[in-house]
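Chains as they are written, first to last, in our numbering: chain P, 1 to 138; chain B, 1001 to 1138; chain C, 2001 to 2138.
Contents: one structure, followed by commentary.
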C-alpha cells in the first residue's frame, strides 16, 4: 500500500467552473498507485468541488444560473459584511461538495466518459483555491 | 491491507430510486475486509447516489417531487438538445452525491438501521448506470 | 498502513449545527496516523454532515433559514406521520452530506483556516446522533 498527497493551487476567474481533471490525474500518475482511491478536498467554504458533464459548456452555465437562483444575492442574508456574494457562496458550498472520491484502476481515475472534476468558484471575484489530493492503493 | 474493486451495472426504470445496498454489501463480503472503508462511485452526471430512509417508500416519492420542483423541466435551460429532462438531471446530480463512503466494521457496512444506499435516476427513461465499488482495509 | 475506527455520539439541541471538529481531530490523534485520510460517516437520514465557516455564527443561522425555505414544513409532503419536521429533514439530508473525507497530514486534519466540521441536525427536537470515524494511513 502506498499513500501519496499533493497540494494544488487553482486560480479562478470569479464565479464559474475550472476543470481540474487533468491536474488531479497527474497526481494519480505521480503516486504510482495502480488500484486505489483518489480523494480530492477543497480547503474553502465559498467554493466547491463537483463532477459534471465535460462536453457542452452550456451545462455549466445552466448550473451556475440555477444555483444562483436557489441562493440569490437578493435574499436578506444576516451575514452580509463580506459582500452580497459571500453568503450565497456559503449556501452553494453546502449544496455541492467539499470532498470527492474517485476510484483508481490501472493507474487511472475511473471517471465516466462524460465526467469532469471541477472547482466551482462561488465568489464573484477571482480567488486562489487550494486542493489537497490524497491517493492510496497498491 | 487489502484493496478490492468491482463494477456493478444497475438498470433503472426511469426517474426514481433503486436500492443497491445488498449488492454493495456483497462486494464488501467478497473483499474479505473486516475493518475498512467502502467507497461507491457513479460514473454519470445525470444520476446520483444518495443514502436515504429505507422504511417508508413515501419518503422517496417526496424526495423525487421536491427535487423536481427545485430543478423543474419548465425552467428555460440553455442546454436543452438532449430533452427537457436532461438539464434538470444534471442539476439534481449537482445536489445529490457522485460518491459515497461508508466505513466497514466486522466485515459489514456500518449503515444506520434506517439507512439504504440508492442510485437516484434523474432521467425520465430507463438507463443502465455503472457503479465502481472500492473497498480497502484489513 | 494503519486502520483506526471510533464511534462518536453527538447530542444535538434540535435544528442547527454542532461543531465536531475537535472530537474528530482527537480520533485522528488516537489513530497515530501521520499521512492518511479521515472519513466521517453519520448513521442517520434526518441529520447531515457539512463543512462550513467556523468564524461568524451568522453564517450558520443563514444556512439554517435558507435550507428551511428550500424544504419547508408547509409543503404538502406525503410522508407526514413522524411530524411536520421529518420530511423536510430527509430533504435537507439529501442536499448536505452523509459522509465527508478529509486528508490527514503531519497527524492533523488538513482543514482550511475557516473550515469547521459540523453535524447539522434537521429535526426540531434534540437527538443523539452517531458518527463513525475511520482513519487510514501511515
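Positions of the beta carbon are idealized from the N, C-alpha and C atoms, including for glycine.
Being a predicted model, the structure only gives us computed values, none of them experimental.
Could you tell me which residues DSSP puts in a beta bridge with residue 2128 of chain C? C/2011
Looking only at its own chain, which residues have a Cβ that is under 7 Å from the Cβ of residue 42 of chain P, when we skip the five neighbours before and after it? 48, 49, 98, 119, 129 and 131
Given residue 73 of chain P, which residues of its chain have a CB within under 8 Å of its CB, disregarding the five upstream and five downstream residues? 84, 85 and 88
Under three-state DSSP, which class holds residue 2099 of chain C? strand
Going by DSSP, what residue range makes up the beta strand (DSSP E) through residue 2120 of chain C? 2115-2121
Closest residue to residue 69 of chain P among P/81, P/91 and P/127 (Cα-Cα distance): P/91
Stretch-stretch touch, CB-based, cutoff 8 Å, three pairs: the region 2011-2030 of chain C with the region 2111-2126 of chain C: yes
Residue 1021 of chain B versus residue 2044 of chain C: straight-line alpha-carbon distance, rounded: 15 Å
Quick check on residue 1061 of chain B: does DSSP put it in helix, strand or coil? helix
Residue 117 of chain P CB to nearest chain C CB: under 8 Å? no
Continuous alpha helix (DSSP H) stretch holding residue 1024 of chain B: start and end: 1021-1031
Any Cβ of chain B within less than 8 Å of the Cβ of residue 2122 of chain C? no
Determine the burial state of residue 1007 of chain B: buried for a count of at least 16 other Cβ atoms within 10 Å of its Cβ, exposed for fewer. exposed
Do residue 44 of chain P and the ligand ZN come close, with the Cβ less than 7 Å from some heavy atom? Absent from the structure shown: the ligand ZN. Ligands present: none.
What is the residue span of the beta strand (DSSP E) that residue 1043 of chain B lies within? Counting along the chain, residue 1043 of chain B falls outside any beta strand (DSSP E), and DSSP gives it neither H nor E.
Are the Cβ atoms of residue 105 of chain P and residue 1078 of chain B separated by less than 8 Å? no
Three-state class that DSSP yields for residue 67 of chain P in the structure shown: helix
Chain-ordered chain C contacts of residue 39 of chain P [CB-CB under 8 Å]: 2037, 2101 and 2103
Less than 8 Å between the C-beta atoms of residue 151 of chain P and residue 2035 of chain C, yes or no? Here chain P has residues from 1 to 138 only, and residue 151 of chain P is not among them.
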